[in-house]
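Taking it in order: structure first as structure tokens, then the write-up.
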Amino acid sequence: MSKSCLDVKLNVKPVFCLFSHKYYYEGPCRMTGGDALQPGFDDVLNAKIVKGVMAGLRASCPDDACTLLEPAAVTATDDWDIDDGFLEKLMEDDATADAYFVLTLFGADRVWREFGRKCKKPLVICPNQWNPMKSAYLFNIGAEVYVPYDWPEVSDYLKALRARKALAEANVLLVTRFGDTMALAGADDSFISLEQASATFGTSFRPVNFHELVEQMKPLAAEGNTTTPGRATPNLTDDDLAELDAYADELISGAEECDISKEYLLNSLKAWKVVNKHLDAHDCSGCAIPCPDLCSTRRLNNEKFTFCLNHQLNNERGIVSACKYDIAATLTMMAELCLSGQVPYMANTLPLVESQGSVQWIDQIPEQDRSAIEDTSNLYCVNMSPMMRKVEGVEGPVGPYAIRHFAYDQQFGAVFHRDFNADIGKTVTLARFSGDCRKLLVVKGEIVKGYGYDLHNCNGGFVFRVSDGYRLYKEQAKVGLMLPLVFGDITRELTLLAETLKLEVVSV
1 MSKSCLDVKL
11 NVKPVFCLFS
21 HKYYYEGPCR
31 MTGGDALQPG
41 FDDVLNAKIV
51 KGVMAGLRAS
61 CPDDACTLLE
71 PAAVTATDDW
81 DIDDGFLEKL
91 MEDDATADAY
101 FVLTLFGADR
111 VWREFGRKCK
121 KPLVICPNQW
131 NPMKSAYLFN
141 IGAEVYVPYD
151 WPEVSDYLKA
161 LRARKALAEA
171 NVLLVTRFGD
181 TMALAGADDS
191 FISLEQASAT
201 FGTSFRPVNF
211 HELVEQMKPL
221 AAEGNTTTPG
231 RATPNLTDDD
241 LAELDAYADE
251 LISGAEECDI
261 SKEYLLNSLK
271 AWKVVNKHLD
281 AHDCSGCAIP
291 CPDLCSTRRL
301 NNEKFTFCLN
311 HQLNNERGIV
321 SACKYDIAAT
331 LTMMAELCLS
341 GQVPYMANTL
351 PLVESQGSVQ
361 WIDQIPEQDR
371 SAIEDTSNLY
381 CVNMSPMMRK
391 VEGVEGPVGP
401 YAIRHFAYDQ
411 QFGAVFHRDF
421 NADIGKTVTL
431 ARFSGDCRKL
441 LVVKGEIVKG
451 YGYDLHNCNG
461 GFVFRVSDGY
471 RLYKEQAKVG
481 LMLPLVFGDI
491 TRELTLLAET
501 LKLEVVSV
């Protein structure tokens, strides 16, 4: 079955390396006096420490992203004792745990060091002022260790590790024509090697043939499809068609405006349904489809549909879907969705260059929208049809939308449009993994003006302002055209995700 990255949870194992003095004495390892020097006092204090830390961890551990396993604690003493039982206790859930949350106390150093050497999972250290002493050893031996500054950053690190796990467990459906790593037209800024992408992110890729998929958009004939004669294939059924007919009525009735016929809307829904059958069959969490490569077959023209609606409907249910065969954008959207819970939107991301006293606007932005923007410094725009209907998260409500068509003349190819003027002033985060799997570009912007609500084809979007348009232009040139975005500020979370993936972060 298809699985959203939001269904993935990080299993977190809290472990405590504690210390207890067995005897009363004073000297350079005793930093207190009175009752605190008595045997047994440390045990009482340790119990309070564990209770307090667990309360902080529970408050910081996002329920929708993580599962807390039962904590494990061992107590070393001033006999400097250590045995295999200590490590067995701390690592009793190692097969289940994805990451360890660790607190160690002064004196338990031998236990701490041996645990750090033998544990091969990420170690998230409890935030406190003594971290530099406690963490340096782990860095020195090459352990995977993270040192949150405070409890909010504990939450952010856990979200980042959860997103990394989701990427590693994901299968991405590739609807192909030629079977190349890159499309023949467009998205040559995507991954240059899928093997390298799998090595970096852990993601697997599952190809299906476009021509076979198109023939599955109608009920299976007795003799099979012409591309796969005699084979059982996941064609649409009569029940599927009845379900899609009702869904088309629902979409039309819910739209503010609808400029496409029900017949052509149904064609796009058929493509969506068949893609979903393959997502289910291949246990996929995402999809990438090469629009120009498929367009040139003329089958989209003959069958009167595009895949735009497929991308929009699947993105809003948490299954990321990218056009142009932009696999780098697919994984970027998956990361953004996993970190934010927001529906991603991928679009051509273009600088509105201000030079020599004028702005280089793109043709799709009407004059009345251009003139409404007084400050034209550091402007960018996004322009593409697969807009989101939900801006309050995957679990949020569907917002106002129109249904437009992609093809100008024949008016097929359903696309949702949103009037982004309702979102002026809101923050967006844009990002992109580089094609060489070495860096992550992270950008924060503010929406300045929506445009193109009434346009057709692959048009419409919004203008937004960034902190430094010139620098973004230079950095974007190194990673690619489309910077998928989500509403809200997740720059910190994306930065930490890049840290867990050992990628260079470029922030603008």
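Residue numbering for the sequence shown is 1 to 508, as defined by the numbering used here.
C-beta: ideal position from N, C-alpha, C; glycine also.
*Would you grab the beta carbon distance between Ala95 and Gly116 for me? Rounded to a whole angstrom, and I think it's under 8 Å.*
So it is not a contact: roughly 19 Å between Cβ atoms.
*Member of Pro132, Asn140 and Asp436 whose CA lies at the smallest distance from the CA of Tyr149*: Pro132
*List the whole-angstrom C-beta distance separating Lys449 from Asn421, where the pair is believed to meet the contact cut-off of C-beta under 8 Å.*
7 Å
*Identify the continuous beta strand (DSSP E) that holds Gly461 and give its terminal residues.*
Gly461 to Val466
*asked:* Rounded to the nearest angstrom, what separates Trp151 and Ser371 at their Cα positions?
replied: 46 Å
*Tell me, please, which residues DSSP counts as bridged to Tyr100.*
Lys13 and Leu123
*asked:* Does Asn528 come out as helix, strand or coil in the three-state DSSP assignment?
replied: Examination of residue 528 is not possible in this model, given that the chain is present from 1 through 508 alone.
*Name, in chain order, the residues that DSSP records as bridge partners for Tyr380.*
Pro351 and Phe464
*Got a sec? Which residues, its chain only, sit under 7 Å from Asp468 by beta carbon, not counting five neighbours each side?*
Asn378 and Val508
*Simplified DSSP assignment, three categories, for Pro28*: coil
*Pull up the distance between the alpha-carbon of Gly460 and that of Thr500, whole angstroms please.*
35 Å
*List the endpoints of the continuous alpha helix (DSSP H) containing Val394.*
Taken as a continuous stretch (DSSP letters only), Val394 belongs to no alpha helix (DSSP H), as it is neither H nor E.
*Please go through the same chain and pick out, in chain order, the residues whose beta-carbon is closer than 6 Å to the beta-carbon of Ala168, but skip the five residues on each side of it.*
Gly202
_Arg432 (DSSP reduced to helix, strand or coil)_ = strand
_Selection from Leu6, Ala197 and Leu37 that minimises the alpha carbon distance to Gly435_ = Ala197
*asked:* Given a cut-off of 8 Å on the beta-carbon distance, is the pair Cys126 and Val53 in contact?
replied: yes
*Taking the alpha-carbon positions, what's the Thr376 to Thr104 distance?*
54 Å
*asked:* Could you check whether the segment 399–414 touches the segment 247–258, counting it as contact only if at least three pairs of C-beta atoms, one from each stretch, sit closer than 8 Å?
replied: yes
*Leu313: which of Gln368, Ser340 and Tyr247 sits nearest, CA to CA?*
Tyr247
*asked:* Going by DSSP in three states, Arg418 sits in which element: helix, strand or coil?
replied: coil
*Does DSSP put Pro152 in a helix, in a strand, or in coil?*
helix
_Please list the terminal residues of the continuous beta strand (DSSP E) segment that includes Pro207._
Ser204 to Asn209
*Indicate whether at least one CB of chain B lies closer than 8 Å to the CB of Lys478.*
Any reference to chain B falls outside this structure, which holds one protein chain only.
*Whole angstroms is fine: what's the gap from Ser261's alpha carbon to Val415's?*
12 Å
*asked:* Quick check on the burial criterion: 16 or more other C-beta atoms within 10 angstroms. Buried or exposed for Ile141?
replied: exposed
_Span separating the alpha-carbon of Pro122 from that of Val145_ = 6 Å
*Tell me where the beta strand (DSSP E) around Glu446 begins and ends.*
Lys439 to Tyr451
*His285 burial status per 10 Å Cβ neighbour count (16 or more: buried)*: Here residue 285 turns out to be Ser, not His, going by the sequence shown. Answer is buried; the Cβ neighbour count reaches 16.
*So, using beta-carbon positions, are Cys308 and Gly413 closer together than 8 Å?*
yes
_If I follow the unbroken beta strand (DSSP E) through Ala72, where does it start and stop?_
Ala72 to Thr77
*Can you give me the start and stop residues for the alpha helix (DSSP H) that Cys287 sits inside?*
No alpha helix (DSSP H) holds Cys287; the beta strand (DSSP E) holding it covers Gly286 to Ala288.
*In three-state DSSP terms, what is Gly469?*
helix
*So, Gln360 versus Val353, is the Cβ gap smaller than 8 Å?*
yes
*Can you tell me the Cα-Cα spacing of Cys29 and Tyr157, whole angstroms?*
34 Å
*asked:* On a Cα-Cα basis, can you pick out the residue from Arg492, Gly224, Leu68 and Val320 that is closest to Asn514?
replied: With the chain covering only 1 through 508, there is no way to say anything about residue 514.
*Which of helix, strand or coil does DSSP assign to Pro234?*
coil
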